[in-house]
Every structure is written in C-alpha cells, then in structure tokens.
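Engineer:
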Amino acid sequence: MDLLGTEVMFFGGLFTGFVVYRFTDPRAFALASRQLDILMGTINTFVLLTSSLTMALAVRAGQEGDRKGQVRYLLLTMLRRPSSSGSRRASTTRSTRSTWSPAPRSAPRGCTCRRTRRRSWSSSRSSFFVFYFFMTGLHALHMVIGLGVMAAMVVLANRGRFTPDYYTPLEMTGLYWHFVDLVWVFLFPLLYLVELHK
Amino acid sequence: MSTHTTLHVLPRSVYYSVYAALLVLLLATVGAAYIDLGAFNFLVSMAIAVIKAVLIMLIFMHVRYSERLVWIFASAAFFWLAVLIRMSLNDYFTRAG
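Here the protein sequences line up with chains A and B, keeping their order.
The first sequence begins at 1 in our numbering and counts up by one.
The second sequence begins at 1001 in our numbering and counts up by one.
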C-alpha cells in the first residue's frame, strides 16, 4: 500500500500537469485529443478491465489454495497484456504518431512552411502529445513490470507456494495490477473522451 | 500485508458482477462523450471514472474487507492528490495573464 501511495503521487503529478495545460489552452488540447482513435482506446480499456478481473480471480484462487486456478488466471491475465499494448500502438500509429509525435524530425503532414512547422512544435497541441506519450508510455512501463512480476508468480504458483495461509505475493501482484488499471480508468476519458465537443 | 487472515473468500459471482458493472460504465462513459453536454462532459466522465475506481478498489483490491489502516492509507493517497491538484490549480488560475 505504501508503494501504491507513492505511485498515486507519481502519476498524480502528471495528471495535475495535464489538467493545468489543458485549461491553459483548451482549444489546442481539444483538437489534439480528437486525433485519437476512440474505438482503439475503448478496446484497450476493455482489455485492461478484463485482465483486472482475471487477476482478481487469480488472487481468489490463491485464497482457496487452488494451484491450477492460480496458474490459469495468471496466464490469462498475462495473455491480455500484449494485445492491450498492441492496440494502443495501433491507436497511436494510425493518425498520431506520424503527425503529432513530439519527436522533432517528423513534421505535421502537409506543412511546408518552416516557420509554421517550428511553431507547431512549441504549441500546446504538441504538448498534449508530450503528455499523451509520456503518460501512456509510463503506464505501459508499469504493465511490462507487472508482466515480469506475474511471470515469477506463475512459476511460484505452479510450485504450489501459495496456500490459503500464505498468498501475500500473489495479493500484492493483484493490488499492483489493479492500480495500473485504476490509472488507465482516469487516463482513458481524460485523453480520449472529454474533448469531443470543444 | 497481514489483512488476508481477516478476509473471507468472495464468491466468484461478486467479481463477475463488478466486471459487468465496469463494462457498463465503460460503455456509458464512451456514449456520454458523444453527447454534447458542454462543461458537463468533463464532470460526467470524471464521475464515471471515480465510480469505476471505487469499484475496483473496494472489491478487486479488497479494501472494503480490509482493516481501518488500509482505508487510511488508501484515502490518504487520494487526499494528498486532491491537495496537490487543488493547490496547483489555485496557483495557476489566480495569476494574471
């Protein structure tokens, strides 16, 4: 719980920054946000929520000392992982990465004037994508870490390490995983949804 | 964490119903985003996100069945987050220009 408290602060700073910039230049943020693919974002959220369910069921199997159940649900949770980051990658590559990535070498499409091009990089629209890539990237990093931890849990569970009296590592993994899900629950509407009508 | 000795194993149906509720809320938030509610779009989507977060924390993360100390830790984190956001916004939006 301590760790998760610091994690709340860690992501919280980013959320605060995002909100400040959003209200400083709402129009640019709205324009930028609309470049994102809502369907992909929704699928991604669905995948994450599902993996949270299987994780909860894995912890429940731990409480019951059901070794097979632990392994099965952990593997199911891990299975969801690559597909989720895959859909996120798709949602960014389709329209955004080429056009709006904060990386300086790729200029906005159809933009020939050098001055406009340079200005667009300092604009809030690209600062939206700085937040977008940094926050989703950080979130993805957490998922990769979770994946590694879960792989270790599968091995331990398979050896029958977790019994109804002792399944703390499994429970910790679950808490961590649900936290990662929690972050996305707020990221998804903030990044994808709230700007459709500005 | 020593809380699991006080935990009772929840029936699977509880997890499935929470999951179903989360999916309904997901559809609701996407659906609401397409309706123009003005400033309320932001409030509605954040309200739904908070409901989802509370569901995940209370049931999936077992906070509901945990001891008081866990409640204190969990709420302290969000309390400080609220302070952080509130203070920052106070600062930014009361500056001239």
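C-beta: ideal position from N, C-alpha, C; glycine also.
No experiment lies behind these values; they were computed from the predicted model shown.
1. List the residues of chain B whose Cβ lies closer than 8 Å to the Cβ of R60 of chain A, in chain order.
2. Within the continuous alpha helix (DSSP H) that includes V1050 of chain B, where are the two ends?
3. Using a Cβ-Cβ cutoff of 7 Å, what residues of the stretch 51-78 of chain A are near chain B? List them in chain order.
4. Does the distance from the CB of I1169 of chain B to the CB of V1014 of chain B come in under 8 Å?
5. What does H142 of chain A touch in chain B if you count any residue whose Cβ is under 7 Å from its own?
6. Between G146 of chain A and chain B, is there a C-beta pair that is closer than 8 Å?
7. Which chain B residues sit within Cβ distance under 8 Å of F46 of chain A?
8. How about F46 of chain A and L190 of chain A: are their beta carbons less than 8 Å apart?
9. Judging by CA-CA distance, which residue of B:P1011, B:Y1065, B:I1051, B:N1041 is the nearest neighbour of V1024 of chain B?
10. At which residues does the alpha helix (DSSP H) containing P169 of chain A begin and terminate?
11. Going by beta carbon distance, what residues of the same chain come within less than 8 Å of R1012 of chain B, once the five residues before and after it are set aside?
12. What's the call for D165 of chain A, buried or exposed, on a 16-neighbour Cβ count within 10 Å?
13. Please name the residue in B:L1043, B:M1057, B:M1087, B:V1044 whose C-alpha comes closest to that of V1018 of chain B.
14. Would you kindly check if the distance between the Cβ of Y167 of chain A and the Cβ of Q63 of chain A is under 8 Å?
15. Hey, out of A:F11, A:N44, A:E195, A:S51, whose CA is closest to Y1016 of chain B's CA?
16. Should T16 of chain A be flagged as near chain B, meaning a C-beta pair shorter than 8 Å?
17. Going along the chain, which residues of the stretch 16-30 of chain A sit with their C-beta nearer than 9 Å to a C-beta in chain B?
18. For T163 of chain A, which of helix, strand or coil comes out of DSSP?
19. Could you give the DSSP three-state label for V71 of chain A: helix, strand or coil?
20. Are L75 of chain A and V154 of chain A close, meaning C-beta to C-beta below 8 Å?
21. Kindly say whether L49 of chain A, judged by its beta-carbon, lies nearer than 8 Å to any beta-carbon of chain B.
Structural biologist: The short version:
1. V1009, L1010, R1012, Y1015
2. 1040-1055
3. S52, L53, A56, L57, R60, Q63, E64
4. What is shown of chain B runs 1001 to 1097, which leaves residue 1169 of chain B out entirely.
5. None at all; the shortest Cβ gap to chain B is about 15 Å.
6. no
7. L1023, L1026
8. no
9. B:I1051
10. 168-188
11. none
12. exposed
13. B:M1057
14. yes
15. A:S51
16. yes
17. T16, G17, V19, V20, F23, T24
18. strand
19. helix
20. yes
21. yes
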